[in-house]
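Residue numbers (mature numbering (1 follows the signal peptide of the UniProt record, and there is no 0)): -17 to -1, 1 to 203.
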């Protein structure tokens, strides 16, 4: 009985395991980091925007550098005040994203997720040179959630030295699985690529509780 209950608890907790990969849209024209590997389906990418420069992040395609990929449809919207945008990755295939503001893409502002083979950030940035960006025709956010604004606690731009104030939620599409947040909170921002996101924790507890009740009924 105890072994069955333990197995069900482990399965319940692992089903909601999620890693948050942090990315900064810098004051210049780059994402930092600009390449993320080992991103699992269901992981979240958290983009913190600059307070100096206008940026967005939109979905692209490897075959057409700096052109918006409407099939994926991710569009954060343009921000310049430390806003924080989150979206969920639903595939382990190589994916590419870029900034569609002005000449930023052709200057190398792109983000590779799970690069592989010829589909790397270096190859995409080389192919992007001289390309005029084609962005989405509708306003964002689409495909993710605007969760708040970064409040910097020191003079540098390290997300570890900041807090995120949650202000509102927005729509999500087929590229995301975002949870709704209706209250305003302030909490420390985790370090880059931190594992075990707070998002989904409440759902995990509820699921584990349900599994425990089911397991007890099963073994009795």
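Ideal Cβ placement from N, Cα and C applies to all residues, glycine included.
Does residue i come within less than 7 Å of chain B when only Cβ atoms are used?
{"i": "residue 1", "result": "No chain B appears in the structure shown, which is made up of a single protein chain."}
Starting from residue i and walking both ways along the alpha helix (DSSP H), at which residues does that stretch end?
{"i": "residue 111", "result": "104 to 111"}
Could you tell me which of the options sits nearest to residue i, measuring between CA atoms?
{"i": "residue 104", "options": "120, 86, 47, 79", "result": "79"}
{"i": "residue 54", "options": "65, 24, 45", "result": "45"}
{"i": "residue 2", "options": "32, 75, 27, 88", "result": "27"}
{"i": "residue 59", "options": "30, 35, 49, 77", "result": "30"}
{"i": "residue 37", "options": "47, 56, 61, 109", "result": "61"}
{"i": "residue 122", "options": "113, 74, 57", "result": "57"}
{"i": "residue 64", "options": "102, 34, 111", "result": "34"}
Leaving out five residues on either side along the sequence, give the residues of the same chain with a beta carbon under 6 Å from the beta carbon of residue i.
{"i": "residue 51", "result": "41, 117, 118, 119"}
{"i": "residue 111", "result": "48, 49, 88, 89"}
So residue i is in the beta strand (DSSP E); what residue range does that whole segment cover?
{"i": "residue 94", "result": "93 to 96"}
{"i": "residue 71", "result": "66 to 71"}
{"i": "residue 84", "result": "No beta strand (DSSP E) contains residue 84, which DSSP labels as neither H nor E."}
{"i": "residue 3", "result": "3 to 8"}
{"i": "residue 30", "result": "27 to 31"}
Can you tell me the Cα-Cα spacing of residue i and residue j, whole angstroms?
{"i": "residue 85", "j": "residue -1", "result": "38 Å"}
{"i": "residue 24", "j": "residue 69", "result": "14 Å"}
{"i": "residue 125", "j": "residue 17", "result": "21 Å"}
{"i": "residue 100", "j": "residue 76", "result": "11 Å"}
{"i": "residue 109", "j": "residue 88", "result": "11 Å"}
{"i": "residue -11", "j": "residue 43", "result": "Low confidence applies to residue -11: its pLDDT is 49, below 50, so where it sits in the model is not reliable, and the reading given next is rough at best. Computed Cα separation, rounded: 41 Å."}
{"i": "residue 72", "j": "residue 98", "result": "14 Å"}
{"i": "residue 5", "j": "residue 102", "result": "21 Å"}
{"i": "residue 7", "j": "residue 22", "result": "17 Å"}
{"i": "residue 158", "j": "residue 81", "result": "Below a pLDDT of 50, predicted positions are generally treated as unreliable, and residue 158, at 43, falls in that range; the measurement from the model is reported next regardless. When rounded, the distance between both Cα atoms is 16 Å."}
Please return the same chain residues whose Cβ sits closer than 7 Å to the Cβ of residue i, not counting the five positions on each side in sequence.
{"i": "residue 66", "result": "32, 129, 132"}
{"i": "residue 106", "result": "none"}
{"i": "residue 74", "result": "24"}
Leaving out the 5 sequence neighbours to the left and right, which residues in its chain are closer than 8 Å to residue i when beta-carbon positions are compared?
{"i": "residue 83", "result": "39, 41, 49, 51, 116, 117, 118, 119"}
{"i": "residue 113", "result": "89"}
{"i": "residue 20", "result": "97, 98"}
{"i": "residue 9", "result": "15, 33, 36, 140"}
Inset, instruction - Count the CB pairs spanning the segment 9 to 19 and the segment 77 to 93 that are closer than 8 Å, and state whether there are at least three. - result: yes
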